[in-house]
Amino acid sequence: MVAEVLKIETPKEDSHISSLLLKTYMVHPLCERLKRAEAKSALELGCRFPLSFFPLFHRFDFTEFHGVDQDTKEQAMSKFLAQNKRLQAADPQNFYEIYRSVFKKFGADSQPLLQDQQAFEALFEPNLNWETDVFDYMKALPADKKFDFISMINLLHLLPNVDKMWELINLALDHLAPDGVLYFRVFKSKNYNIREFLDQVQERLDKGSLLFYQPKEGLQYFKLLYY
Numbered sequence: 236m237v238a239e240v241l242k243i244e245t246p247k248e249d250s251h252i253s254s255l256l257l258k259t260y261m262v263h264p265l266c267e268r269l270k271r272a273e274a275k276s277a278l279e280l281g282c283r284f285p286l287s288f289f290p291l292f293h294r295f296d297f298t299e300f301h302g303v304d305q306d307t308k309e310q311a312m313s314k315f316l317a318q319n320k321r322l323q324a325a326d327p328q329n330f331y332e333i334y335r336s337v338f339k340k341f342g343a344d345s346q347p348l349l350q351d352q353q354a355f356e357a358l359f360e361p362n363l364n365w366e367t368d369v370f371d372y373m374k375a376l377p378a379d380k381k382f383d384f385i386s387m388i389n390l391l392h393l394l395p396n397v398d399k400m401w402e403l404i405n406l407a408l409d410h411l412a413p414d415g416v417l418y419f420r421v422f423k424s425k426n427y428n429i430r431e432f433l434d435q436v437q438e439r440l441d442k443g444s445l446l447f448y449q450p451k452e453g454l455q456y457f458k459l460l461y462y
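Numbers given in this note's numbering equal positions in the sequence shown, counted from 1, plus 235.
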């Protein structure tokens, strides 16, 4: 079903999530579910940099993170900073400094949770899969591997057609924990009809709740939270 928009203000401690990732009314259901997860795990597909995981980790202290991107680490850092010019990293080639720059720019609680670079790298580095195809990665996961949060921020609309988009969504759903949350953002593309795809989403993802955001100026992109 399509969930009603929740008239709940984002708590101050979650303000950076709203600033960086989600609309205000999306933050509450996401946070409530993550609070209930005992050992929080996250997967970001097409991560480039785990932009959704950074603010969520700061709030919830995840125990496990997996990220997948087809670029090399160096390419990912360069592209990320080129597309986010408002972030000022002390060292643009340092993954940890980019993490810190996110919290210098957004939110009331702008101090990174991971103060130590060694601790940061111990969490992020082991399971960041660079130069990796997302389909190959998902198909190789053990059937019982589940994640509390799966994010595909700017990935689906880059796929060649809507069938591949649904193939990846279904693979993600196979590995979503029972009380988990799926988040994705898609932009208008010549590869598919975005309005027809939005209609399909509402028809096919009917076993849970959906929260949408789309700009008033026209359907150039939309964000979706499924739980």
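Virtual Cβ for every residue (Gly too), placed ideally from N, Cα, C.
Exposed or buried, which one is phenylalanine 295 when buried takes at least 16 other CB atoms within 10 Å?
buried
Whole alpha helix (DSSP H) runs in the region 374–453 with 4 or more residues, listed along the chain?
397–409 and 429–439
Can you tell me where the alpha helix (DSSP H) with tyrosine 260 in it begins and where it stops?
259–271
Going by DSSP, what residues sit across from phenylalanine 297 in a beta bridge?
For phenylalanine 297, which the question treats as bridged, DSSP gives no partner whatsoever.
Give me the residue from His263, Asp249 and Arg283 with the minimum Cα distance to glutamate 366.
Arg283
Which word fits proline 395, buried or exposed, when buried means at least 16 other C-beta atoms lie within 10 angstroms of its C-beta?
exposed
Helix, strand or coil for alanine 277 per DSSP?
strand
Per DSSP, valine 303 is paired with what?
Leu280 and Asn364
Buried or exposed, going by whether 16 or more other CB atoms sit within 10 Å of the CB of leucine 391?
buried
According to DSSP, is lysine 458 part of a helix, a strand, or is it coil?
strand
Strictly under 8 Å for the Cβ-Cβ distance: is methionine 373 near chain C by that measure?
The question asks about chain C, but that chain is absent: this structure has only one protein chain.
Under the three-state reduction of DSSP, which class applies to glutamine 350: helix, strand or coil?
coil
Taking leucine 257 and methionine 387 to be in contact with their CB atoms under 8 Å, please state how far apart those CB atoms are, rounded to whole angstroms.
That belief does not hold up - the Cβ atoms of leucine 257 and methionine 387 are roughly 14 Å apart, past 8 Å.
Minimum C-alpha distance to glycine 443 - residue among Leu376, Arg420, Leu408 and Leu454
Leu408
In angstroms, rounded to a whole number, what distance separates the CA positions of alanine 277 and leucine 376?
14 Å
Tell me whether proline 290 is buried or exposed, calling it buried when 16 or more other Cβ atoms sit within 10 Å of its Cβ.
buried
Spatial distance of valine 436 from tyrosine 418 (CA atoms)
12 Å
So is aspartate 434 buried or exposed if we call it buried at 16+ other beta carbons inside 10 Å?
exposed
Quick check on this structure: which residue in Lys270, Gln305, Lys308 and Thr307 has the alpha carbon closest to the alpha carbon of phenylalanine 292?
Lys270
Length of the line joining the Cα atoms of valine 237 and phenylalanine 359:
For valine 237, the predicted model reports a pLDDT of 41, less than 50, meaning its position is unreliable and no value from the coordinates is stated.
What would DSSP say about leucine 256, mapped onto helix, strand or coil?
coil
Contact defined as beta carbons within less than 8 Å: I believe tyrosine 331 pairs with glutamine 318. What is the distance between those atoms, to the nearest angstrom?
Actually they are not in contact, since the Cβ atoms of tyrosine 331 and glutamine 318 sit about 19 Å apart, beyond 8 Å.
8 Å Cβ cutoff met for alanine 272 and aspartate 371:
no
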